[in-house]
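Peer 1:
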Amino acid sequence: MQVIWSTAALQPLLFKLWEHDEQIVVFNPSAGDTHLVDEFGMALLRSLEASPQTLAALTSALAEFFEDHNADKIADYIDATLRRFQYVGLVIPALH
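When we follow this note's numbering, the leftmost residue of the sequence shown carries the number 3, and every step to the right adds one.
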């Protein structure tokens, strides 16, 4: 069995970016919650909005964000980010 990640929102997430700012506000209309994320976090969430994905698929899709293309390190970072996003209610895992 593998874990498939998806956004927890029933409606599309809303993102607000300001010029020359590294932080992005993401609003989850399903929960009414607002969060600060960086460019990587937004890319991860947008990837999951497009379609639920495994950690391996996300690692491949988001490798461009990392200077060191060590797949294990990238996977560890993405996994930690997914766990943080799960804790705040932005993503959910499902066994498939």
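Virtual Cβ for every residue (Gly too), placed ideally from N, Cα, C.
The beta strand (DSSP E) that contains Ala59, what's its start and end?
Peer 2: That residue, Ala59, is in no beta strand (DSSP E); its alpha helix (DSSP H) goes Leu57 to Ala63.
Peer 1: Would you call the CB atoms of Ile80 and Gln88 closer than 8 Å?
Peer 2: Going by C-beta atoms, Ile80 is not nearer than 8 Å to Gln88.
Peer 1: Since Leu84 and Trp7 should fall inside the 8 Å C-beta cutoff, what is the C-beta to C-beta distance between them, to a whole number of angstroms?
Peer 2: Going by Cβ atoms, the distance from Leu84 to Trp7 rounds to 6 Å, so yes, they are a contact pair.
Peer 1: DSSP beta-bridge partners for Trp7?
Peer 2: Gln55 and Pro95.
Peer 1: Anyone know if the C-beta pair for Leu19 and Asn30 falls short of 8 Å?
Peer 2: It is not a contact, given that the beta carbons lie outside the stated cut-off.
Peer 1: Applying the 10 Å Cβ sphere with the 16-neighbour rule, what's the burial state of Leu60?
Peer 2: Looking at its Cβ environment, which holds 16 or more other Cβ atoms inside 10 Å, Leu60 is buried.
Peer 1: Counting only the same chain and skipping the five closest in sequence on each side, list residues whose C-beta sits under 7 Å from that of His71.
Peer 2: Counting only Cβ-Cβ distances below 7 Å, and skipping sequence neighbours, we find Ala65.
Peer 1: Using a Cβ-Cβ cut-off of 7 Å (strictly less than) and excluding sequence neighbours within five positions of His107, which residues of its own chain qualify?
Peer 2: As displayed, the chain neither begins before 3 nor continues past 98, which places residue 107 out of reach and without an answer.
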